[in-house]
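There are 2 protein chains.
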Amino acid sequence: MAEAFRPDKHEGRAYPRAMTDLRTGGGIAATAFLMGDPARAAMLAALLGGQALTAGELAAEAGITAQTASSHLVRLVEGGLVAVERQGRHRYVRLASPAVAEALEGLMALASPAVTTTATRRPRGPRDAAMRLARTCYDHMAGRLGVALADALERDGRLRLDSGAGLVTPAGEAVFPAFGIDLAGPATARRPLCRTCLDWSERRPHLAGRLGAALLARSLELGWVARAPKSRTLAITPAGERGFVDVFRCEPVWHAPDAAEARRAVERQH
Amino acid sequence: MAEAFRPDKHEGRAYPRAMTDLRTGGGIAATAFLMGDPARAAMLAALLGGQALTAGELAAEAGITAQTASSHLVRLVEGGLVAVERQGRHRYVRLASPAVAEALEGLMALASPAVTTTATRRPRGPRDAAMRLARTCYDHMAGRLGVALADALERDGRLRLDSGAGLVTPAGEAVFPAFGIDLAGPATARRPLCRTCLDWSERRPHLAGRLGAALLARSLELGWVARAPKSRTLAITPAGERGFVDVFRCEPVWHAPDAAEARRAVERQH
DNA sequence: GGAACGCTTCGGCCAAGAGCGAAGCATCCG
DNA sequence: CGGATGCTTCGCTCTTGGCCGAAGCGTTCC
């Protein structure tokens with residue numbers, strides 16, 4: 033590891049770091065270094081589920097002891113990757129911003145081909161069946177549900193998607209507010225309204241960005257989906273089964289052959 | 033650094049890595065680890081310029097000896113971040129794919145606020161003035177020129193941009209082919225046609241994606257811009273000054289007060 | 001108040017790996 | 001063909017930082 037991201041430790045450097053500001057990746061290295069440890073990466077990946085988790089849960093997720101996790105968390109906070117909120121004797125950790133989630137996605141996109149070409153095939157257990165049907169991906173919906181929604185919206189001309197990018201059409205500008213989503217949104221809006229995000233399990237794009245986040249938030253609010261405890265799996269409720277079809281003309285992916293298995297798995301986890 | 037990304041080295045792990053496939057960032061860690069070393073990050077940042085560089089040039093860029101650079105390159109190749117082509121006794125290195133560039137951009141976006149809030153102010157030398165005016169950003173144009181082009185295209189309704197995403201409008205579908213760009217492009221097209229990328233120096237979006245790449249390629253072809261040797265700086269030619277205004281109704285940013293300084297700097301580098 | 005719990009701090013151990021010098025291969029040039 | 005150049009391999013040193021056990025601190029519950 034050597035000097036890590038502390039520039040002027042070895043004076044053997046060919047030229048001072050300050051000279052290289054615009055050109056080098058001083059910032060890249062510091063951030064990537066934080067993500068480059070397996071334990072920290074596991075924590076961050078767990079936080080990609082979108083829920084705030086306690087330090088203890090993260091430790092378990094990463095397979096390390098509480099004290100080790102604690103030191104990692106200090107670094108992640110200092111590095112601005114996660115934010116922490118105290119609540120009683122718990123300490124809730126979440127990703128610091130959507131930009132962090134996007135950076136992580138960028139790295140995953142890079143990693144996933146390698147993962148699949150090697151022998152590391154993913155286990156197709158019942159739990160994963162449920163996750164493949166519907167789950168959160170940071171702050172939006174993924175899995176077959178997420179992909180089906182994106183498909184339906186594009187098919188009906190409410191969005192135009194071009195891998196990675198997406199725009200709401202005039203037709204869409206009517207539908208989303210009717211569903212209870214404010215497209216104008218907060219003026220903070222460094223964040224794209226509509227992005228797509230490649231789905232791990234489906235290998236097809238689903239909706240991300242502000243719109244994707246709003247869609248999940250509103251779906252939870254309406255009780256169309258419910259979070260499974262301690263997991264990023266989403267359960268689709270009967271109300272959701274009607275709603276997604278009625279409002280978005282979404283394909284009923286939950287009726288697919290192996291969806292029953294997924295449903296049982298979610299119930300088993302109650 | 034400890035076990036880095038070799039999972040089952042310590043048997044102290046709480047649960048086997050295979051269990052964590054969908055959930056953890058095994059892949060994240062491996063990739064981020066490679067980007068997390070300052071020397072490697074500097075090399076990758078240099079390659080973001082879009083040109084293939086030799087191993088020696090990269091060593092100089094990172095401020096390390098040739099042998100150290102060599103070992104880093106082996107890792108980067110193994111990790112699939114860069115690709116190498118032998119040519120005579122040189123070895124040319126380039127980023128392996130646009131996805132790598134995008135992942136790096138994601139990390140830079142995260143890092144840059146931190147960089148500016150700390151005392152690390154960037155030097156405002158003449159060389160950087162030239163870079164701020166126009167430069168390559170992997171395979172597209174950045175700097176004031178890149179931003180001005182994006183602005184002009186959006187202002188004239190040829191694109192609709194929403195930070196991060198972008199779509200070509202019907203009006204644009206006429207202009208780009210006339211300029212010599214095939215919007216349909218190669219059917220490979222996992223790559224988005226139109227993305228935006230946050231400009232380091234301008235803090236505003238410029239065009240990336242397939243369209244951004246095609247715009248740069250065609251501009252080079254027409255001799256509107258020229259690469260400065262051994263740098264990612266672009267020089268705007270007289271033909272370009274006319275062309276960007278005539279074809280895209282772009283603001284003549286090269287006439288701004290400090291542009292003369294930039295021009296001299298480019299000439300000095302001849 | 002005392003015990004349980006969640007998390008952090010301290011201290012020590014240890015392996016990974018970043019760095020360089022020197023030697024070894026190739027390739028190109030005169 | 002001999003020497004220069006570009007890069008890689010080998011052998012080595014040394015720092016970093018990840019890991020845990022034990023102890024400390026603050027909160028909550030009984």
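From first to last, the protein sequence lines stand for chains A and B.
Under my numbering, the residues of the first sequence are numbered 33 to 302, in order.
Under my numbering, the residues of the second sequence are numbered 33 to 302, in order.
Ideal placement from N, C-alpha and C gives every residue a C-beta, glycine not left out.
Which residues does DSSP list as the beta-bridge partners of residue i?
i, result
"Cys226 (chain A)", "According to DSSP, Cys226 (chain A) bridges with nothing at all."
"Ala162 (chain A)", "The partner list for Ala162 (chain A) (beta bridge, DSSP) is empty, contrary to what the question assumes."
"Arg167 (chain B)", "B:Ala174 and B:Thr265"
"Gly198 (chain B)", "B:Leu193"
"Leu85 (chain A)", "A:Val125"
Among the options, which has the Cα closest to the Cα of residue i?
i, options, result
"Thr168 (chain A)", "A:Arg281, A:Val279, A:Met67 and A:Ala77", "A:Ala77"
"Arg236 (chain B)", "B:Thr97, B:Ala180 and B:Leu142", "B:Ala180"
"Val125 (chain B)", "B:Gly88, B:Gly212 and B:Ala267", "B:Gly88"
"Ala258 (chain B)", "B:Thr201, B:Leu165 and B:Asp214", "B:Leu165"
"Arg107 (chain B)", "B:Asp69, B:Gly120 and B:Gly81", "B:Asp69"
"Leu177 (chain A)", "A:Ala62, A:Ala92 and A:Glu234", "A:Glu234"
"Phe211 (chain A)", "A:Ile96, A:Ala249 and A:Gly81", "A:Ala249"
"Asp231 (chain A)", "A:Ser103, A:Gly255 and A:Ala182", "A:Ala182"
"Ala94 (chain A)", "B:Ala61, B:Asp214 and B:Arg123", "B:Ala61"
"Ser129 (chain A)", "A:Ala92, A:Gly82, A:Gln119 and A:Arg118", "A:Gly82"
"Phe276 (chain B)", "B:Leu247, B:Pro261 and B:His122", "B:Leu247"
"Glu283 (chain A)", "A:Leu252, A:Gly120, A:Arg187 and A:Thr201", "A:Arg187"
"Ser251 (chain B)", "B:Val279, B:Lys262 and B:Arg123", "B:Val279"
"Thr269 (chain B)", "B:Lys262, B:Ser263 and B:His287", "B:His287"
The beta strand (DSSP E) spanning residue i covers which residue range?
i, result
"Glu117 (chain A)", "Val114 to Gln119"
"Ala258 (chain B)", "Val257 to Arg259"
"Leu127 (chain A)", "His122 to Leu127"
"Ala240 (chain A)", "Pro237 to Ala240"
Look at the Cβ atom of residue i, then the Cβ atom of residue j, and state whether they are nearer than 7 Å.
i, j, result
"Ala203 (chain B)", "Arg190 (chain B)", "yes"
"Cys229 (chain B)", "His238 (chain B)", "yes"
"Ala131 (chain A)", "Ala141 (chain B)", "yes"
"Ala101 (chain A)", "Leu85 (chain A)", "no"
"Arg274 (chain B)", "Ala184 (chain B)", "no"
"Leu79 (chain B)", "Leu127 (chain B)", "yes"
"Ala71 (chain B)", "His104 (chain B)", "yes"
"Gly255 (chain B)", "Ala267 (chain B)", "no"
"Arg161 (chain A)", "Thr265 (chain A)", "Strictly speaking, residue 161 (chain A) in this sequence is Ala, with Arg absent from that position. No, they are not a contact pair."
"Leu199 (chain B)", "Leu215 (chain A)", "no"
What first and last residue would you give for the alpha helix (DSSP H) that runs through residue i?
i, result
"Pro270 (chain A)", "Pro270 to Phe280"
"His104 (chain A)", "Ala98 to Glu110"
"Ala77 (chain A)", "Pro70 to Leu79"
Cβ contact check for the segment 126-139 of chain B and the segment 206-216 of chain B: 3 or more pairs under 8 Å: no
Determine, using beta-carbon pairs with one atom in the segment 113-131 of chain B and one in the segment 66-80 of chain B, whether at least three such pairs fall under 8 Å. yes
Cβ contact (3+ pairs, closer than 8 Å) linking the segment 172-185 of chain B and the segment 236-246 of chain B: yes
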